[in-house]
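S.K.: Please read through the structure below; I'll follow up with questions.
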Amino acid sequence: MAFVIVALDGPTGVGKSTLACQLAERNQLLYINTGSMFRCLAWKWNRLDKPENDEALQKLGEQTQIVLEADGRVRCDGEEISSVIRTEELSALASQVSRFVPIRHALKFQQRQLVEQAKIGGAYRGAVLEGRDIGTVVLPKADCKFFVEASPETRARRRFVELQAKDPGVRFEDVLEALKQRDEQDRNRSEAPLHKAANAILVDTSNLNFEQVLSVLEQYLRPFLLTESS
Ligand code: DC
């Protein structure tokens with residue numbers, strides 16, 4: 001049975017993680033959250049006082065053990081950092097670290113390796129990778145590519161609701177501003193900037209709820225899975 005590779009790219013706050021996670025669970029796919037990998041390295045980069053030279057960045061990328069556990073927990077060199085890497089501060093740091101070429105190269109290699117291992121392991125029918133450059137750079141031959149979009153205001157509104165539950169003092173304008181800054185960095189960096197692959201399916205989620213988006217993605221994915229099991 002062949003292995004179906006799904007690339008799910010899009011900007012910050014568009015709901016990719018929840019979508020990818022559900023898509024994986026419902027279709028027996030391995031879920032790889034590549035943003036968590038960048039967040040992990042950003043966390044360590046910050047601890048190392050943010051070196052910018054290639055040698056230090058290469059070492060950081062190649063000699064950090066990142067483990068994405070099945071329940072969503074993340075370990076960095078054995079340390080459990082799942083909640084620390086979800087803060088607004090780490091979001092900004094991850095966006096900064098993601099512009100460095102040695103970091104991108106190291107993670108691209110690891111992401112491809114995770115897919116290869118899952119292919120050999122036989123426990124999954126495929127893999128879904130969510131990120132910014134999966135369909136364009138990491139796995140340009142992915143079977144099914146999605147680019148999920150929504151307006152900055154819609155994305156900021158969703159993020160604002162999440163953050164407000166933890167901190168009632170949070171301001172919508174600040175959330176929107178931080179989101180626009182990350183968008184700007186992610187779309188304009190020279191290495192693997194965020195953009196839609198020519199053959200990716202564009203899904204605008206601005207006027208759709210979660211179930212509707214999931215159903216659109218599964219409609220496109222279904223023929224690949226049917227072919228694989230027949
Ligand atoms: O998806 P996320 O918000 O957890 O990602 C955090 C940062 O990592 C994001 O601002 C850009 C970067 N990133 C990237 O450059 N390429 C990826 N494939 C995934 C994330």
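In my numbering, the protein residues as written are 1 to 230.
The beta carbon of each residue, even a glycine, is placed where N, CA and C say it ideally should be.
Using three-state DSSP, classify I81 as helix, strand or coil.
M.R.: Coil at I81, not helix or strand.
S.K.: When the Cα atoms are used, what is the spatial distance from F147 to G15?
M.R.: The straight-line gap from Cα to Cα measures roughly 12 Å.
S.K.: If contact is defined by three or more beta carbon pairs under 8 Å, each pair taking one atom from either stretch, is the segment 73-85 in contact with the segment 33-50?
M.R.: With a cut-off of 8 Å, the segment 73-85 and the segment 33-50 count as touching, because enough Cβ pairs lie within range.
S.K.: Which one or two residues does DSSP pair with C21 in a beta bridge?
M.R.: None, per the DSSP bridge assignment.
S.K.: Does the distance between the C-beta of S151 and the nearest non-hydrogen atom of the ligand DC fall short of 7 Å?
M.R.: No, the beta carbon of S151 sits no closer than 7 Å to any heavy atom of the ligand DC.
S.K.: Excluding five sequence neighbours on each side, which residues of the same chain lie with their C-beta closer than 6 Å to the C-beta of S230?
M.R.: Here the model assigns S230 a pLDDT of 47, short of 50, so the residue's position is not dependable, and the following value carries that caveat. Excluding residues within five positions, none has a Cβ falling inside 6 Å.
S.K.: Between the C-alpha atoms of I201 and E62, what's the straight-line distance to the nearest angstrom?
M.R.: Each residue's Cα considered, the two are about 33 Å apart.
S.K.: Does the ligand DC have even one heavy atom less than 7 Å from the beta-carbon of I81?
M.R.: Checking every heavy atom of the ligand DC against the Cβ of I81, none is found closer than 7 Å.
S.K.: According to DSSP, is S230 helix, strand or coil?
M.R.: Because S230 carries a pLDDT of 47, less than 50, the predicted location of this residue cannot be relied on, and the following value inherits that uncertainty. Reduced to three states, the DSSP call for S230 is coil.
S.K.: For I68, which of helix, strand or coil comes out of DSSP?
M.R.: The sequence given here has Leu at residue 68, not Ile. The answer is strand: DSSP assigns L68 an E or B state.
S.K.: The beta strand (DSSP E) that contains A7, what's its start and end?
M.R.: That run of the beta strand (DSSP E) goes V4 to D9.
S.K.: For a test of the three-state rule: what should DSSP assign to N33, helix, strand or coil?
M.R.: Reduced to three states, the DSSP call for N33 is strand.
S.K.: V203 to G10, Cα distance in whole Å?
M.R.: For V203 and G10, the distance between alpha carbons rounds to 10 Å.
S.K.: Whole angstroms is fine: what's the gap from S36's alpha carbon to L226's?
M.R.: Roughly 30 Å separates the two Cα atoms.
S.K.: Taking its Cβ as the centre, do 16 or more other Cβ atoms sit within 10 Å of G126, making it buried, or is it exposed?
M.R.: By the 10 Å Cβ count, G126 comes out buried.
S.K.: In whole angstroms, give me the CA-to-CA distance for K108 and I5.
M.R.: Taking the straight line from one Cα to the other gives about 15 Å.
S.K.: Taking the continuous beta strand (DSSP E) assigned at F172, which residues delimit it?
M.R.: Unbroken run through F172 is the alpha helix (DSSP H), F172 to N188; no beta strand (DSSP E).
S.K.: Just to check, is the beta-carbon of A178 closer than 7 Å to a non-hydrogen atom of the ligand HEM?
M.R.: With respect to the ligand HEM, the structure shown offers nothing to examine, as its ligands consist of the ligand DC.
S.K.: Helix, strand or coil for V14 per DSSP?
M.R.: Reduced to three states, the DSSP call for V14 is coil.
S.K.: L129 bridges to which residues according to DSSP?
M.R.: Its beta-bridge partners are A7 and I32.
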